[in-house]
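Everything below concerns the one structure shown next.
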Amino acid sequence: MKKVLVIEDNKDNLKLITYALKRSGYEVVAAETGEEGIELALRERPAFIVMDIALPGIDGLETTRRIRASDINDTIPVIAITSHAMQGDRERIVAAGCNGYLEKPIDPLTVVATIQDILKVEKE
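What the sequence shown shows, in my numbering, is residues 896 to 1019, in sequence order.
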């Protein structure tokens, strides 16, 4: 079973994405802050990370930058998930080191397939 790290401070969103991932056979490890997310990423070495951008403390972009600056570097895909969907956001998110981008609200029936599509594109 592949382990996934979800970094999300909203309990409802965390519950929704966790449910969708577990239903698809993933083991989920969760963090509610960027700082906790970095610690778990380094310790758990998940298959991929789902990263909320609007986090308390350090935001998802800075969390991603710090993960990319660690020995993990670019070995673990990071998929941003955010409700901030304005022009230029995708470029900012990718520039921070994220491999893909999902907009909230997420659809629990299609979110895992969308994540898998992003991961597939990254492998090609």
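For each residue, glycine too, the CB sits at the ideal point set by N, CA and C. From a predicted model like this one, the values you see are computed outputs, not experimental measurements.
Beta-carbon gap between residue i and residue j smaller than 7 Å
i	j	result
residue 903	residue 947	yes
residue 900	residue 941	yes
residue 974	residue 933	no
residue 993	residue 958	no
residue 935	residue 924	yes
residue 926	residue 956	no
Nearest to residue i (by Cα), restricted to the options the options
i	options	result
residue 915	1008, 967 and 1014	1008
residue 938	1015, 965, 985 and 927	965
residue 969	985, 995 and 930	995
residue 896	983, 998, 943 and 988	943
residue 1006	918, 906 and 905	918
residue 906	922, 920 and 928	928
residue 1015	972, 984 and 949	972
residue 930	921, 920, 962 and 987	962
DSSP-derived helix/strand/coil call for residue i
i	result
residue 997	strand
residue 984	helix
Separation of residue j from residue i, as counted between CA atoms
i	j	result
residue 909	residue 977	12 Å
residue 945	residue 898	11 Å
residue 1023	residue 913	Not covered by the structure: residue 1023. The range shown for the chain is 896 to 1019.
residue 997	residue 1013	10 Å
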